[in-house]
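S.K.: Residue numbers (the numbering used here), protein chains in the order written: chain H, 605 to 757; chain E, 246 to 348; chain U, 3 to 559. Encoded as structure tokens, here's the structure I'll be asking about.
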Amino acid sequence: MGLNTYDFCLAASDLLPLVVLIICATGITLFILVATHVVDFLLKTSRKGDIKQSTYESGMEPVGDTRRRFNVRFYMIAVLFLIFDVEIIFLYPWAVLYPRLSHPKGDEMVNWARGLSDAGYTPGFLLAAIGVFFALLLVGFIYEWRRGVFKWN
Amino acid sequence: MLLPYLLVGALLFTLGMIGFVTRRNLIIIFLCTEMMFQGILVTLVAFGRYPLQGDPTYDGQVFALFLIAVAAAEAALGLALVVLLYRYKGTLDAKAWTFLKDE
Amino acid sequence: MSEVISVSALWPEIILLIAGCAVLLLGQARSEAWRRLMPWLTLAALAAAICIVVLKRHFGEFAFEEGNGLSYGSLAVFVRIAALGLGIPLTLVNWSQSREHERGEFLSMMLMSLAGLLLVGPADNLLMLFLALELVSIPTYIMVILSRTNVRSLEAGTKYFYLGAFSAAIMAYGFSFLYGLSGTASLSGTIEAVQAALLEPGTLEYGLAMIGILLSLGGLFFKIAAVPLHFYIADVYQGAASPVAGFLGFVPKLAGMIAIFKIVLLTGYWDGGHEGTFWLLWIVAVASMTIGNVLALRQANIKRMLAYSGIAHAGYMLVGVIAGPLAGKAVDSGGVGIMGDGTAAVLYYIMIYGIANLGAFAVLGLLRVRGGACETRRDVAGLIRREPGLALLLALALFTLMGLPPTPGFWGKLSLFGSALAAAQLWDDPRLIVLVVIAVLNSALAAAYYLRVIAAALVYENKYPAEAAPRNAEHIGAQLCGFLLLIFAFYPTSLMVQGQDGTQELTEGIYSVSAEPDADGSDIPEKVVAGGNSGRMIPADMDQVVSPLSDNNVTDQ
């Protein structure tokens with residue numbers, strides 16, 4: 605377990621389940637597609653009219669086309685989400701490393717982490733580092749809040 | 246094993262570069278720079294796994310993580326900019342912006 | 003070997019970062035009084051940071067601190083003093099920049115950009131260098147956009163941002179090859195692998211090293227606005243507010259030039275002369291000087307003229323990079339001492355250029371013509387009648403950029419071209435003399451367009467001359483630039499010696515690598531492997547770090 609046994613290389617046999625999955629999925633889709641048409645052809649009754657021809661026969665009336673303009677606030681939310689979402693990539697390595705630093709004894713991964721701890725990256729240091737990271741995120745958050753980005757109106 | 250990864254990286258980078266020069270829609274141009282960054286990420290991770298000398302190191306992966314963060318910062322700035330530009334002009338055609346030029 | 007750098011080594015950067023965050027939040031404060039504090043806080047942070055740097059240096063506490071991809075040597079000290087020192091006039095001329103409710107963002111971005119510049123100096127790791135350069139660049143895009151309310155600043159910011167992202171990608175791609183070549187991101191670990199690779203043409207390593215160097219320098223030429231990526235600069239300077247254009251003329255240029263030093267050091271060009279690097283720099287220098295000056299000649303708009311002349315100045319600076327530090331340092335091997343040090347001359351020149359450029363743009367930023375911005379030659383005509391102080395300041399700044407003898411610009415050009423001649427003598431290389439001849443001809447050409455503006459400001463008559471806006475801080479900032487130019491006109495050596503001290507580190511790097519015999523090509527790979535462990539910080543540790551990874555994974559399929 606751990607990072608050290610993770611193998612980057614893929615053999616051809618590793619891809620076999622994926623190939624089987626793709627073939628099955630394609631097969632089932634094709635089957636359903638053909639089957640519905642066949643069943644439809646066998647059972648259909650011919651009836652025509654305005655309502656019958658509309659896009660959603662018993663749904664809502666279609667209004668305008670799909671390429672309508674979105675409210676610009678969606679973009680603001682998207683931008684904020686982008687920033688805060690990407691910050692998570694720094695938390696993953698931290699979360700993997702941090703518990704191993706003070707682990708008593710164990711596999712090579714833990715020993716490696718303890719080597720880091722001896723080189724100066726002590727648990728306290730890493731905690732302080734992530735604290736600074738969150739403090740900076742907090743500054744950004746407070747700024748956005750005061751700027752009124754989260755207000756919808 | 247290294248060379249295929251480098252080729253994929255170079256391909257992504259070059260496609261992004263060509264797109265950056267030839268496209269006119271500002272969002273597409275920006276996506277092209279993102280594609281260049283993806284090419285760099287592939288190259289970095291490949292070099293980290295199959296170094297030309299010495300043992301594999303984590304440097305490449307760490308570099309890649311920070312590059313993703315920088316690319317995200319640029320993406321946020323780019324998106325905000327695109328919204329502003331659209332508000333002014335109602336178009337994202339790069340050719341529509343020619344206030345500044347030599348007399 | 004200390005892995006983690008101590009917090010005490012980073013106080014100037016930390017102060018700028020905290021102040022940047024504080025200013026950002028202050029900008030959103032409800033009360034007017036709090037918001038008025040923002041520029042004062044910016045100034046106080048810069049003053050506190052420069053006090054710390056100077057005191058530490060004065061009391062000899064500046065031990066060689068390193069760790070976490072930073073290594074504080076002489077170059078870092080120079081960059082710190084230069085950036086923080088010039089940060090004060092930069093803050094003053096940008097005192098009331100941008101709209102009132104966006105001033106917090108603007109000043110915060112300025113502090114962040116300066117903090118990035120402080121980190122470029124000590125960066126000893128490709129990743130750290132890239133992050134520091136991006137920390138310099140990304141805030142400048144925002145500054146350009148915020149600096150004015152009209153659509154032009156938006157267009158300028160967009161162009162700057164898109165080309166900046168493009169050049170950052172090119173630079174990062176180059177860095178990825180330099181990293182791949184050595185297997186470590188640390189610069190001191192990369193240097194031997196790159197130099198060994200460059201000695202063996204025809205191999206895969208040689209190709210990767212050349213691509214890496216070419217792309218890295220290509221991306222960095224954007225930062226200093228040298229030729230292949232120069233075309234954005236006129237639009238950006240014209241679209242941005244004048245004081246912001248002054249900022250762009252110094253901070254990204256210094257950051258880019260320091261990074262170019264670091265990359266050129268990797269190639270070993272200054273040590274033994276590497277043909278590929280030489281021709282790359284030579285062609286870019288000649289093209290930048292010539293194209294910049296020719297384009298500047300046609301401009302009636304002073305901001306565009308200064309922008310294009312900035313390309314030419316980037317070309318002059320590259321002359322110093324081509325000359326290298328060796329002729330200045332190695333007096334026993336035919337060098338000529340302080341005037342022969344090309345890199346010191348570059349540092350001197352970049353400071354002088356930054357101050358003069360800022361002074362000229364500060365004057366332009368202060369002037370109003372019928373309520374609008376002052377941009378063209380016609381706008382400054384007859385300035386001496388209405389605003390004699392500002393007119394003389396503009397003339398002093400432009401004379402400095404032109405390189406007229408008593409001004410510091412002349413000493414800068416003299417030391418740059420002198421160092422190239424000294425290097426030509428040392429290496430017996432006539433191509434350097436050709437370079438100097440082209441540079442001198444270009445300087446003469448440049449006089450034409452500077453003199454036209456000076457003549458307009460000092461000699462011409464104008465019925466409705468421009469008048470100065472009543473802004474105290476900006477006036478003080480502009481006067482400070484003029485004062486600094488006068489000081490360095492009469493005491494050029496004070497700054498030149500600082501530059502000489504700053505480049506100490508580069509020469510030491512040269513000698514430590516060249517001490518090893520490299521006549522026998524077959525020995526080099528062994529040397530590199532052995533030397534990988536003696537690198538400054540990351541390499542030796544990485545052996546521990548990667549051992550678990552490599553043990554289980556050598557099964558190649």
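For every residue, glycine included, the Cβ atom is placed at its ideal position computed from N, Cα and C.
Tell me whether U:L72 sits in a helix, a strand or coil according to DSSP, three-state version.
M.R.: Against the third sequence, residue 72 of chain U aligns to sequence position 70. Note: U:L72 maps to strand in three-state DSSP.
S.K.: Counting only Cβ-Cβ distances shorter than 8 Å, please list the residues of the stretch 716-741 of chain H near chain U, keeping chain order.
M.R.: So the close ones are W716, G719, L720, A723, G724, Y725, F729, L740.
S.K.: If you scan the stretch 60-137 of chain U from start to end, which runs of the alpha helix (DSSP H) of 4 or more residues do you find wholly inside it?
M.R.: The stretch 60-137 of chain U contains these whole alpha helix (DSSP H) runs: 76-95, 105-122.
S.K.: Between U:D381 and U:V371, is the Cβ-Cβ spacing less than 8 Å?
M.R.: Position 379 of the third sequence, counted from the start, is the residue given in the question as residue 381 of chain U. Position 369 of the third sequence, counted from the start, is the residue given in the question as residue 371 of chain U. Cβ distance < 8 Å, so U:D381 and U:V371 count as in contact.
S.K.: Starting from U:V371 and walking both ways along the beta strand (DSSP E), at which residues does that stretch end?
M.R.: Counted from its first residue, the third sequence places residue 371 of chain U at position 369. Counted as a single uninterrupted DSSP element, the beta strand (DSSP E) harbouring U:V371 occupies residues 369-371.
S.K.: If you run the structure through DSSP and keep just helix, strand and coil, what is U:S188?
M.R.: Residue 188 of chain U sits at position 186 when you count from the first residue of the third sequence. Strand, per DSSP.
S.K.: What are the residues of the stretch 295-319 of chain E that lie near chain U, defined by any Cβ-Cβ distance shorter than 8 Å?
M.R.: P296, L297, Q298, G299, D300, P301, T302, Y303, D304, G305, V307, F308, F311, L312, V315, A318, E319
S.K.: Nearest-angstrom Cα distance between E:E319 and U:Y310?
M.R.: Here residue 319 of chain E corresponds to residue number 74 of the second sequence, with the count starting at 1. Here residue 310 of chain U corresponds to residue number 308 of the third sequence, with the count starting at 1. Going by the C-alpha atoms only, they are around 27 Å apart.
S.K.: Have a look at U:M259, U:W97, U:M307, U:P124 and flag the residue whose alpha-carbon is nearest the alpha-carbon of U:M404.
M.R.: For the purposes of this step, residue 404 of chain U is taken as the residue at position 402 of the third sequence. Distance check between U:M404 and each of U:M259, U:W97, U:M307, U:P124 places U:M307 closest, using alpha-carbon atoms only.
S.K.: DSSP on E:F270, reduced to helix/strand/coil?
M.R.: In the second sequence, residue 270 of chain E corresponds to position 25, counting from 1. Going by the sequence as given, residue 270 of chain E is Asn instead of Phe. In the structure shown, E:N270 sits in a strand (DSSP, three-state: E or B).
S.K.: Between U:T505 and the rest of its own chain, which residues show a CB-CB distance below 6 Å, the 5 nearest in sequence each way excluded?
M.R.: Taking the third sequence and counting its residues from 1, one reaches residue 505 of chain U at position 503. The residues are P327, T345, A346.
S.K.: Note down, in chain order, every chain E residue with its Cβ under 8 Å from the Cβ of H:I687.
M.R.: Counted from its first residue, the first sequence places residue 687 of chain H at position 83. A317, A318, A321, listed in chain order.
S.K.: Quick one: residues in its chain with C-beta nearer than 6 Å to the C-beta of U:A78, no 5 flanking neighbours on either side, listed in chain order?
M.R.: Taking the third sequence and counting its residues from 1, the one referred to as residue 78 of chain U is at position 76. So the qualifying residues of the chain are G123, P124.
S.K.: On the DSSP letters alone, give me the boundaries of the alpha helix (DSSP H) that U:N444 sits inside.
M.R.: Walking along the third sequence from the start, residue 444 of chain U turns up at place 442. Per DSSP, U:N444 belongs to the alpha helix (DSSP H) from 432-460.
S.K.: Label U:L18 either buried or exposed according to how many other C-beta atoms from any shown protein chain fall within 10 Å of its C-beta, with 16 as the threshold for buried.
M.R.: Here residue 18 of chain U refers to the residue found at position 16 of the third sequence. By the neighbour-count rule (16 or more Cβ atoms within 10 Å), U:L18 is buried.
S.K.: Residues of the stretch 673-685 of chain H with a CB closer than 9 Å to any CB of chain E: list them in chain order, please.
M.R.: Per Cβ criterion, the list reads V676, Y679, M680, A682, V683, L684.
S.K.: Closest Cβ-Cβ distance between U:Q500 and chain H: below 8 Å?
M.R.: To locate residue 500 of chain U, count along the third sequence from 1; it is residue 498. By this cut-off, U:Q500 is not an interface position.
S.K.: Are there 16 or more other CB atoms within 10 angstroms of the CB of U:M353, so buried, or fewer, so exposed?
M.R.: Position 351 of the third sequence, counted from the first residue, corresponds to residue 353 of chain U. It counts as buried.
S.K.: The alpha helix (DSSP H) with U:P390 in it runs from where to where?
M.R.: Here the question's residue 390 of chain U lines up with position 388 in the third sequence. Its alpha helix (DSSP H) spans residues 390-404.
S.K.: Checking contacts by CB at 8 Å: is U:Y350 closer than that to chain E?
M.R.: On the third sequence, position 348 is the one that residue 350 of chain U refers to. No, U:Y350 does not count as interfacial toward chain E.
S.K.: Determine, using beta carbons only, whether U:N303 and U:Q240 come nearer to each other than 8 Å.
M.R.: Sequence index remark: in the third sequence, residue 303 of chain U carries index 301 (1-based). Sequence index remark: in the third sequence, residue 240 of chain U carries index 238 (1-based). Closer than 8 Å, so yes.
S.K.: What is the rounded straight-line gap between the Cα of H:W756 and the Cα of H:Y679?
M.R.: Here residue 756 of chain H refers to the residue found at position 152 of the first sequence. Here residue 679 of chain H refers to the residue found at position 75 of the first sequence. Answer to the nearest angstrom: the Cα atoms are 12 Å apart.
S.K.: In its own chain, which residues sit with a C-beta less than 6 Å from the C-beta of H:H707, not counting the 5 before and 5 after it?
M.R.: Mapped onto the first sequence, residue 707 of chain H falls at position 103. Setting aside the 5 residues that flank it on each side, H:H707 is surrounded in the same chain by V714, each with a C-beta closer than 6 Å to its C-beta; the list follows chain order.
S.K.: Pull up the distance between the alpha-carbon of U:E194 and that of U:L268, whole angstroms please.
M.R.: The residue you call residue 194 of chain U lines up with position 192 of the third sequence. The residue you call residue 268 of chain U lines up with position 266 of the third sequence. Their backbone Cα atoms lie some 8 Å apart in a straight line.
S.K.: Less than 8 Å between the C-beta atoms of H:F694 and H:F737, yes or no?
M.R.: By one-based count along the first sequence, residue 694 of chain H stands at place 90. By one-based count along the first sequence, residue 737 of chain H stands at place 133. In contact: H:F694 and H:F737 (Cβ atoms closer than 8 Å).
S.K.: What residues are listed by DSSP as bridge partners for U:N303?
M.R.: To locate residue 303 of chain U, count along the third sequence from 1; it is residue 301. Per DSSP, U:T378.
S.K.: Could you compute how far the alpha carbon of U:A358 sits from the alpha carbon of H:R673?
M.R.: Numbered from 1 along the third sequence, position 356 holds the residue referred to as residue 358 of chain U. Numbered from 1 along the first sequence, position 69 holds the residue referred to as residue 673 of chain H. Looking at the two C-alpha atoms, the distance is approximately 48 Å.
S.K.: Which one of U:G182, U:T192, U:L165 has the shortest CA to CA distance from U:F223?
M.R.: To locate residue 223 of chain U, count along the third sequence from 1; it is residue 221. Among U:G182, U:T192, U:L165, the Cα nearest to that of U:F223 is on U:L165.
S.K.: Using a Cβ-Cβ cut-off of 6 Å (strictly less than) and excluding sequence neighbours within five positions of U:G566, which residues of its own chain qualify?
M.R.: Given that chain U is displayed from residue 3 to residue 559, the structure contains no residue 566 of chain U and the question cannot be resolved.
S.K.: Report the residue from U:A47, U:Q30, U:A49, U:P14 whose alpha carbon sits nearest the alpha carbon of H:G744.
M.R.: Mapped onto the first sequence, residue 744 of chain H falls at position 140. Nearest C-alpha to H:G744: U:Q30.
S.K.: So, helix, strand or coil for H:D669, using DSSP?
M.R.: Working through the first sequence from its first residue, we reach residue 669 of chain H at position 65. Three-state result, H:D669: coil.
S.K.: Less than 8 Å between CB atoms is the rule here; does H:I636 satisfy it with respect to chain U?
M.R.: Here residue 636 of chain H is taken as the residue at index 32 of the first sequence, counted from 1. For H:I636, no CB of chain U lies under 8 Å from its own CB, so it is not counted at the interface with that chain.
S.K.: Which same chain residues, not among the five before or five after U:F401, have their C-beta less than 6 Å away from its C-beta?
M.R.: Along the third sequence, one-based indexing puts residue 401 of chain U at 399. For U:F401, where only same-chain residues beyond five positions count, the Cβ hits under 6 Å are T409.
S.K.: Quick check on the burial criterion: 16 or more other C-beta atoms within 10 angstroms. Buried or exposed for H:G653?
M.R.: Position 49 of the first sequence holds residue 653 of chain H. Exposed, by the Cβ-count rule.
S.K.: Does any residue of chain H bring its CB to less than 8 Å from the CB of U:P519?
M.R.: Your numbering for residue 519 of chain U matches position 517 in the third sequence. Residue placement at U:P519 is flagged as unreliable, the pLDDT there being 39, under the threshold of 50; the coordinate-derived value follows with that caveat. It does not; no Cβ of chain H falls within 8 Å.
S.K.: In chain order, which continuous runs of the alpha helix (DSSP H) of length 4 or greater are located wholly inside the stretch 268-299 of chain U?
M.R.: Runs found: 271-274, 277-299.
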